[in-house]
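First the structure, in the form of structure tokens, and then the observations on it.
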Amino acid sequence: MTINRRLALALSGSLFLASCASNLQMGLDAGRAGNYQAMLTYCKAASEEPNPSPEVFECIGDAHLRLGHRKEAEQAYLTYLDLVPNDTRVRKKLIQLYMSDGRHQAAQPQVETLLQLDPGDPEGYYWMGEIHRLNGICKASVEAYKKALSIRPDYFAAKAGLEKVEKEVCGRETKPKPKPKKPRVIKEKTFRGGGAVIKEGQW
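Here this note's numbering is used: the first residue of the sequence shown is 30, the next is one more, and so on.
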């Protein structure tokens with residue numbers, strides 16, 4: 030291979046990498062400027078290049094989320110996590126999406142994975158407390174909130190969640206059930222023999 034040929038290949042490769050990087054960078058810049066449609070366009074262009082950076086899919090997810098495309102945001106975050114399964118930051122974005130949509134069953138395995146990756150993350154215990162509270166499970170919810178507070182004592186959301194579960198769920202579980210009322214028996218003051226009815230005072 031001639032020197033000119035090598036230089037041409039090196040130059041084309043550099044231009045290719047610069048193009049990919051610039052698409053992603055322009056997408057991130059557009060997002061910082063609040064232009065989420067442009068952000069999505071640039072990051073989608075970057076994703077179509079061979080071997081795109083995982084950050085491209087986070088960018089796509091963020092853009093979709095800002096535009097209200099929640100299903101597409103979910104898919105983009107899942108694609109990112111397939112590439113970087115140990116990332117906790119983007120996993121939290123996915124959990125937040127599920128929780129805000131009321132999809133607690135979808136959120137729970139993500140929270141469990143988050144806590145396996147980072148057992149000292151108070152947000153993971155807070156979310157687990159929320160999931161158990163919304164499922165009406167007192168003890169597990171209280172334990173999760175208290176664990177979050179043991180890590181971060183000033184965690185206001187965990188304090189509020191603990192108060193809420195103790196009042197709304199645990200209080201309901203411990204409240205004594207009312208005793209069933211005995212049926213009222215009305216005594217009839219008449220004598221019913223084999224003949225005519227004899228009322229009181231006629232005996």
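Ideal Cβ placement from N, Cα and C applies to all residues, glycine included. If you're wondering where the values come from, they're calculated on a predicted model, not measured in any experiment.
- Query: Among Gly200, Leu123, Lys73, which one has its Cα closest to the Cα of Lys100?
  - Reply: Here the question's residue 100 lines up with position 71 in the sequence shown. Closest by alpha carbon: Leu123.
- Item | Contact check, Val140 vs Cys167, beta carbons under 7 Å | Within the sequence shown, residue 140 is the residue found at index 111, counting from 1. Within the sequence shown, residue 167 is the residue found at index 138, counting from 1. No, the pair does not count as a contact, with Cβ atoms beyond the cut-off.
- Determine, using beta carbons only, whether Gly158 and Tyr174 come nearer to each other than 7 Å. Along the sequence shown, one-based indexing puts residue 158 at 129. Along the sequence shown, one-based indexing puts residue 174 at 145. Yes; because the gap between Cβ atoms is below 7 Å, this pair is in contact.
- Message: Would Leu143 and Gly131 be called neighbours here (beta carbons separated by less than 7 Å)?
- Response: Counted from its first residue, the sequence shown places residue 143 at position 114. Counted from its first residue, the sequence shown places residue 131 at position 102. Contact: no.
- Is it right to say Ile59 is buried, meaning 16 or more other beta carbons lie within 10 angstroms of its own, or is it exposed? To locate residue 59, count along the sequence shown from 1; it is residue 30. The sequence shown places Ala at residue 59, not Ile. The residue in question, Ala59, is buried, as its Cβ has 16 or more Cβ neighbours within 10 Å.
- Task: Measure how close the beta-carbons of Ala177 and Ala189 come, nearest whole angstrom, since I'm counting them as under 8 Å.
- Result: Indexing the sequence shown from 1 puts residue 177 at position 148. Indexing the sequence shown from 1 puts residue 189 at position 160. In fact, because the Cβ distance is near 11 Å, the residues do not count as touching under 8 Å.
- Query: For Gln66, which of Leu94, Ser76, Pro83, Leu110 has the nearest alpha-carbon?
  - Reply: On the sequence shown, residue 66 is found 37 positions in, with the first residue counted as 1. The option with the nearest alpha carbon to Gln66 is Leu94.
- Query: For Gly90 versus Ala74, is the C-beta distance shorter than 7 Å?
  - Reply: If you number the sequence shown from 1, residue 90 lands on position 61. If you number the sequence shown from 1, residue 74 lands on position 45. No, these two residues do not count as a Cβ contact at 7 Å.
- Using the Cα positions of Gly63 and His98, report the straight-line distance between them to the nearest angstrom. In the sequence shown, the residue the question calls residue 63 occupies position 34. In the sequence shown, the residue the question calls residue 98 occupies position 69. Distance between the alpha carbons of Gly63 and His98: 16 Å.
- Message: Distance check for Leu107 and Ser82, CA to CA, integer angstroms please.
- Response: Mapped onto the sequence shown, residue 82 falls at position 53. Mapped onto the sequence shown, residue 107 falls at position 78. Each residue's alpha carbon lies about 14 Å from the other.
- Would you mind stating whether Val194 and Ser170 have Cβ atoms separated by less than 7 Å? Translated into the one-based positions of the sequence shown, residue 194 becomes position 165. Translated into the one-based positions of the sequence shown, residue 170 becomes position 141. Contact: yes.
- Based on Cα-Cα distance, which residue from Asp147, Asn115, Arg201, Tyr155 lies nearest to Gln125? Stepping through the sequence shown from its first residue, residue 125 is reached at position 96. The option with the nearest alpha carbon to Gln125 is Tyr155.
- Message: Taking the alpha helix (DSSP H) that Ile160 belongs to, which residues open and close that run?
- Response: Walking along the sequence shown from the start, residue 160 turns up at place 131. 151 to 163 is the span of the alpha helix (DSSP H), which, as asked, contains Ile160.
- Between the C-alpha atoms of Tyr127 and Arg118, what's the straight-line distance to the nearest angstrom? Locating residue 127 in the sequence shown gives position 98, where the first residue counts as 1. Locating residue 118 in the sequence shown gives position 89, where the first residue counts as 1. For Tyr127 and Arg118, the distance between alpha carbons rounds to 15 Å.
- 7 Å Cβ cutoff met for Val85 and Leu110: As a first step, residue 85 must be located in the sequence shown, where it is residue number 56. As a first step, residue 110 must be located in the sequence shown, where it is residue number 81. No, these two residues do not count as a Cβ contact at 7 Å.
- Leaving aside the five residues before and after Asn164 along the sequence, list all residues of the same chain whose C-beta is less than 6 Å from its C-beta, in chain order. For the purposes of this step, residue 164 is taken as the residue at position 135 of the sequence shown. Taken in chain order, the list of residues that qualify is empty.
- Item | Assigned exposure category for Lys196 - 16 Cβ within 10 Å defines buried | The count along the sequence shown starts at 1 and reaches residue 196 at position 167. Classification of Lys196: exposed, given that the 10 Å Cβ count is below 16.
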